[in-house]
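I have placed the structure first, in the form of structure tokens, so that the comments after it can refer back to it.
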Amino acid sequence: MPALPEGLGCRSAFSSAGSVVQYPERPVRTNRSFLEGAWAVRLIAGRYAEIANTRRVGGQAEVFEAADLHQGGRHVAVKLVPATSDEIYRIYFERETAAHHKLDHPNIVSLLDSGTDHGAGVYYVVLSWVPVSLQNWLVATAPETPGWDDVAEVVALPLASALAHAHSMAVLHRDIKPSNVLWDGEKPLIADFALSKIKDQLAGATDATVAGMTSAPWAPPDLASRGSTRFDVYSLAATLLQCVTGWELRDLPDIARALDEADLPPAVLALLRRCLSVDAAKRPADGQQFYLELQAIQAARSENWHDQKVLSFELSGTARRSLEEAGEGRSADNVIAGLLGAATYVLPRLKNIAGRMVLTADEFRLVGDQVELVLVFKNRHQLLCTRAEIKDFDELERWRHKDEAVVLDSRDLTWTTLRSTNPQRAAAAADELRLLLEKAVQDAGDRHSDTFKQARLTNWSQLIEAKEALEKRLEEPITYTRVSRDGVLFDVQTTTPLTGAFLDQERMARPVDEPAMRGVAVTIAEVDGTDITVRATRPGVDLPFHGVLVRDRTPSQAAIRRQKTALAALRDGSSARPHLRELVLDPSVASAPEPVAFEPLRPDFDDDKKIAVAHALGSPDLFLVQGPPGTGKTSFIAELVHQHLAARPGDKVLLVSQMHVAIDNAVTRLYRSGVTSVVRLSSRDDNVDPDAAHLLLSNKLRAWADEIRARARAGMAALADREGLQVDHLSLALLVEEALATLRQKTEIAELLGPLDDDDRLDNEDLSEERAELLADYLRAVERADTAAAEVRTAARALEVTVPDDLGEPELEKLVAGLLDAPGAGPRLRELLRTQGDWLASLNDPQTAEPMFLPTQSVVAGTCMGFLANPHIQNMQFDLCIIDEASRATAPELLVPMTRAKRWVMVGDTKQLPPMVEEVFEHRDLVETFDLDKMFLTSSLFDILLGEAPPACTASLVTQHRMAQPIGELISQVFYSGTLVHDPVPVLAPESVNDSDRLVWFSTSRRTNRHEDARHAGSASTSNKLEAKKVAGLVARLDTDVRAGKYARTDGGKLEVLILTGYRRQCTEIERALRRLTLRHVTVQVKTVDAVQGREADVVIFSVTRSNLSGELGFLADRYEGRVNVALSRARELLWIVGDSEFCSSKQGPLNRVLTHITTTGGRVQYL
1 MPALPEGLGC
11 RSAFSSAGSV
21 VQYPERPVRT
31 NRSFLEGAWA
41 VRLIAGRYAE
51 IANTRRVGGQ
61 AEVFEAADLH
71 QGGRHVAVKL
81 VPATSDEIYR
91 IYFERETAAH
101 HKLDHPNIVS
111 LLDSGTDHGA
121 GVYYVVLSWV
131 PVSLQNWLVA
141 TAPETPGWDD
151 VAEVVALPLA
161 SALAHAHSMA
171 VLHRDIKPSN
181 VLWDGEKPLI
191 ADFALSKIKD
201 QLAGATDATV
211 AGMTSAPWAP
221 PDLASRGSTR
231 FDVYSLAATL
241 LQCVTGWELR
251 DLPDIARALD
261 EADLPPAVLA
271 LLRRCLSVDA
281 AKRPADGQQF
291 YLELQAIQAA
301 RSENWHDQKV
311 LSFELSGTAR
321 RSLEEAGEGR
331 SADNVIAGLL
341 GAATYVLPRL
351 KNIAGRMVLT
361 ADEFRLVGDQ
371 VELVLVFKNR
381 HQLLCTRAEI
391 KDFDELERWR
401 HKDEAVVLDS
411 RDLTWTTLRS
421 TNPQRAAAAA
431 DELRLLLEKA
441 VQDAGDRHSD
451 TFKQARLTNW
461 SQLIEAKEAL
471 EKRLEEPITY
481 TRVSRDGVLF
491 DVQTTTPLTG
501 AFLDQERMAR
511 PVDEPAMRGV
521 AVTIAEVDGT
531 DITVRATRPG
541 VDLPFHGVLV
551 RDRTPSQAAI
561 RRQKTALAAL
571 RDGSSARPHL
581 RELVLDPSVA
591 SAPEPVAFEP
601 LRPDFDDDKK
611 IAVAHALGSP
621 DLFLVQGPPG
631 TGKTSFIAEL
641 VHQHLAARPG
651 DKVLLVSQMH
661 VAIDNAVTRL
671 YRSGVTSVVR
681 LSSRDDNVDP
691 DAAHLLLSNK
701 LRAWADEIRA
711 RARAGMAALA
721 DREGLQVDHL
731 SLALLVEEAL
741 ATLRQKTEIA
751 ELLGPLDDDD
761 RLDNEDLSEE
771 RAELLADYLR
781 AVERADTAAA
791 EVRTAARALE
801 VTVPDDLGEP
811 ELEKLVAGLL
821 DAPGAGPRLR
831 ELLRTQGDWL
841 ASLNDPQTAE
851 PMFLPTQSVV
861 AGTCMGFLAN
871 PHIQNMQFDL
881 CIIDEASRAT
891 APELLVPMTR
901 AKRWVMVGDT
911 KQLPPMVEEV
921 FEHRDLVETF
931 DLDKMFLTSS
941 LFDILLGEAP
951 PACTASLVTQ
961 HRMAQPIGEL
971 ISQVFYSGTL
981 VHDPVPVLAP
991 ESVNDSDRLV
1001 WFSTSRRTNR
1011 HEDARHAGSA
1021 STSNKLEAKK
1031 VAGLVARLDT
1041 DVRAGKYART
1051 DGGKLEVLIL
1061 TGYRRQCTEI
1071 ERALRRLTLR
1081 HVTVQVKTVD
1091 AVQGREADVV
1101 IFSVTRSNLS
1111 GELGFLADRY
1121 EGRVNVALSR
1131 ARELLWIVGD
1141 SEFCSSKQGP
1151 LNRVLTHITT
1161 TGGRVQYL
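So in UniProt numbering, spot 346 of the sequence shown is number 346, and the numbers just go up one at a time.
Encoded structure:
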């Protein structure tokens, strides 16, 4: 690209780490000119072409103007930071992008893209191109200094609002000044978040370096407020003071002089003096408080007039003549003023664009009481009325009832044909009108352009609302009376009947007369009207006789909030991939993958998996994998992640599933394959498989901190050797400094918390969320301080150093001084130890350590809802999101992880369990209130995407390795049209298994007591005592056979038996029957079908349960085929079905087809 001629003027764009960057002015270029000579242009991320002579370097970054070749050559600003091993650069990049991703405000510069260009070795941030800074705007207004009210409306209130938004999202800017505020010609924009910090991440080791780059007079002189919201308040106030000062502020003394000379309203001057106080405590606490105070001042100044915006427009000659002819001698201006009325309506108009009639905001209809006008935007801020007509009020009523009509209150927006006396206010009014029209166009498009797609968004939104209403019902306290006890199981009777939606709820059982006590943790295990069974979480505890079961509302409320946020991000394009909305609503636009060659980790990797991994690696958008039972979905995921990270080691992968077991299987397999940079997130560690427990965040964080401490100790040893000091004493001094830092943290939190009283308990549900979090922080700080003191005592005792019993700050300071009382131990060493101690102490606090540790991990794994329970994940974006068991999640649940990533691979099986929404449909009033479409909502988003995405974006796994061939063939023929290929890996020694035992139906049809037990009125659950007894007998037989040498596992372990049924009451019956047995050679689990997808066992025994004269199949009917598929496909070696075979064969359903397969292909039916 040819260089620009010298001598052109300059204009400024956003700054790099505080410096104003000047860009040469140039004529507008065509798209062609961007491409000519492209070989000489530096490209970032393959799309951003640097424009010659615009590169500037300052602070930590270089900045240049670029053409976005993917967007028609539009001008953007590109900021580059070296992607080196230097942590400072990574922190700059991550903080700026994290801040922008959290923020969405009209007065904060827009982030268009970000990422890592590995070829160029840089992190890049792409922002909107804005040519002028506030500094330039102030120069342009010279020599006259703007008055306060102009500054308040145009600059102060918008910037205060932006800062309030940033602080409400826990983002600190830390470098606000005129050169970091851009001016787009109409409004100010805060830019340059490179020094920003997410407030809920306490200062790390590099923060002093980062914060220290902010310069006077925009930074306060005190050190205490650095890293706090009060720091930003000072900087913004100094920036606003510059706006009303006729000379340049250069240093801190200029602040006092400018305040003394300022011509400001007294209330404004008083507020700015407080904001600019050297004492940080006198400043407003944060941007929100500052904004509220500034709003109040401006409201008080204008309390005698309404903040009315005036929309000024011109009349064309035709429109003016039309009004004057019908106006009976009145001027056109007077006609409009008299006939518009107090409320007007604006409606976007249809316009022919490329042969299609589409609604547009460029042209609109203005409807008043008795006049109808047609207006067009001549440009962004100028309006022209092209047509005008006087009509009766009733005649115009049809326009007022249009869906796209937007009503305007004349107290807020009024119309005039006169030229505006305040161009800036007129421009703001025109902007506001245009936004309203554009939203009306978008809403109309959502309603009319594609009704079916809009129905999806509407249904998903209504489903969230319905689940929220259901959760409120399910959170009501349940009053009960205890009936009986069996170990950890308690039968209780409730005062009101419950539904199956209460199953598996975790609650606290508290005495009726002491509802505020902590209580006993229980899970609702069985529901049958007013008769329920609860399971105590811990053995040995007792349940109050008369009690109330209360539920912690926090998890359900958080889940609903996350789904609403995700759906909103999908709607407004604020997800990590802004075009996710188009992909989800129209999967056909997904780009076809370009397969990537790779070398599998294992030479025996199946061909179908190789194809799926190759295509998933090369997919730019969305890739969908169908994985029937036993086909190795976990192996596919592990291989995909391994190969992806091998090719892109800097990428972040989010791995989620609806099921804990699926996540645990995947992360365990990943770790064993060599991907050790994996962290498992879970709000409850007991939900995680023991084999995956070492990958839990708490455990990995501890190991990471220990590694850092080991390096610190090694560093201290080297320092001691160099300075001639005692190594042991220096190590102890470091430990004491760490304890001192921990004590200081405790003191700071205690001061924020204030005095404690009896209500300050974490189990007090009436405690405010803010105080509860602060109390939890304090209790953790107390525990850390006690632990640190104990470690000091232990280490001192080992060195025979005497320490007092009470180790407060004075005692610890004295101890350090004594340990360092030696030649070579000067102030520099003490400062080094203090810094190291602060750093090491911060590692003990998860709130500080987690945000530093999480970005070091390549893979973050958790459940679809649960991974966001960690607040620090909210600051992360992911390059790839892999969703396992995707067919089990509702669309809003899937959107939670999807909106956090830029690419997606979804793995599932539409023929297994559907999304878990049935509990909502049990409440008919909710279905009617929220107009729920059951057929649509019981299909997963995975189903929809599979049906509509291009075939190239899908793959199927067909080689199953789990099930012995007779079982695998049953599953393949009955559920998958015979498509599965069988290559089972035996877990039992083949010689110890008789093939005729592998697939057996044990029929109760010839027993007179074969029918299911009578149910209580209104109960959906059922049981069958005969089947429970027979199942227990089969388990006893297995235990005996194993003792005799049959069914021997190749690894020598116990035979694994999984007993399944569709009914919770039947589980309870089977568990009672099993308690009479003494089992030494088998391990047994009893589960409902809904709880076992992703699990497997050597032997599966399925209890049919249903057998009745009315022919009710219940969960065995065709519409529940997925449940039967899941139940039977859990078996590796033996599948035994217990139930009334004649009943099942008499009705159409999956078990009818299963029975037909067994009787015709070598299985057997044995009558009991």
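Yeah, the Cβ is synthetic: ideal placement off N, Cα and C, and Gly gets one too. From a predicted model like this one, the values you see are computed outputs, not experimental measurements.
By alpha-carbon positions, which one of E50, L347 and R713 ends up nearest to A67? E50
Measure the Cβ-Cβ separation of I532 and T494 and say whether it is below 8 Å. yes
For K199, which residues in the same chain have their Cβ closer than 6 Å to its Cβ, ignoring the five residues on either side in sequence? Annotation note: pLDDT 39 at K199 (below 50); position unreliable, no value reported.
If you drop the 5 nearest sequence neighbours on each side, which residues of the same chain put their C-beta closer than 6 Å to that of A218? Residue 218 is actually Trp in this sequence, not Ala. If we look at W218 and ignore the five residues flanking it on each side, its Cβ neighbours are K177, S235 and A238.
At the level of alpha carbons, what is the spacing between L271 and A521? 51 Å
Considering only residues of the same chain and omitting the five flanking positions on each side of A405, which have a CB-CB separation below 6 Å? Y345 and L347
Buried/exposed call for F545, threshold 16 Cβ in 10 Å: exposed
Among E769, R230, K309 and Q289, whose alpha-carbon lies nearest the alpha-carbon of A281? R230
Nearest-angstrom Cβ-Cβ length linking S887 and Q912, presumed shorter than 8 Å: 6 Å
When you compare each of M876, A166 and A267 to K902 by their alpha carbons, which one comes out closest? M876
Outcome for N180 when other beta-carbon atoms lying within 10 angstroms are tallied against a minimum of 16: buried
Are L503 and V488 touching if we call contact CB-CB under 8 Å? no
Closest Cα partner of W1001 within the set F1102, K1046 and D995: F1102
Examine the Cβ distances between the stretch 373-388 and the stretch 472-480 and report whether three or more of them are shorter than 8 Å. no
Is N844 helix, strand or coil by DSSP? helix
Please say whether L339 and G368 have beta carbons closer to each other than 8 Å? yes
Cβ shell of R1065 (< 7 Å), same chain only, five flanking positions each side left out: E526, D528, S1021, T1022 and S1023
Which residues does DSSP pair with K187 in a beta bridge? Answer by DSSP bridge pairing: none, since K187 is not bridged.
Around the Cβ of T318, are there at least 16 other Cβ atoms within 10 angstroms (buried) or fewer (exposed)? exposed
Using C-beta distances below 8 Å, list every residue in its chain close to R425, excluding the 5 sequence neighbours before and after it, in chain order. E153, K309 and V310
Under the assumption that Q626 contacts L957 (Cβ atoms under 8 Å), give the Cβ distance between them as a whole number of angstroms. 7 Å
Per DSSP, which one or two residues make a beta bridge with H615? None; H615 has no bridge partner.
Measuring CA to CA, which of Q298, T1068, E969 and L774 is closest to L1135? E969
Please list, in chain order, all residues of the same chain as A592 whose beta carbon is under 7 Å from its beta carbon, the five residues on each side excluded. P950, A952 and C953
Return the Cβ separation of R274 and P284 in integer angstroms, given the expectation that the two are a contact with Cβ distance under 8 Å. 7 Å
Over what stretch of residues does the alpha helix (DSSP H) that includes N1152 continue unbroken? P1150 to T1160
Compute the distance between the beta-carbons of D943 and T910, then report whether it is under 8 Å. yes
Check whether the Cβ atoms of H644 and G674 lie closer than 8 Å to each other. no
Along the chain, where does the alpha helix (DSSP H) that runs through P892 open and close? A891 to M898
Distance CB(W148)-CB(L292) smaller than 8 Å: no
M1 (DSSP reduced to helix, strand or coil): Interpretation of M1 is limited by its pLDDT of 29, a score under 50 that renders its predicted location unreliable; no figure is taken from the coordinates.
How many Å lie between R581 and G1062 at the Cα? 37 Å
Y671 lies in the beta strand (DSSP E); which residues open and close that run? No beta strand (DSSP E) contains Y671, which is instead part of the alpha helix (DSSP H) from H660 to R672.
Could you pull the DSSP bridge partners for D117 from this structure? V122
How far does the alpha helix (DSSP H) with N352 in it reach, from first residue to last? N352 -> not in any alpha helix (DSSP H); beta strand (DSSP E) instead, spanning A343 to I353.
If you compare alpha carbons, which of R419, F490 and T565 is closest to P539? F490
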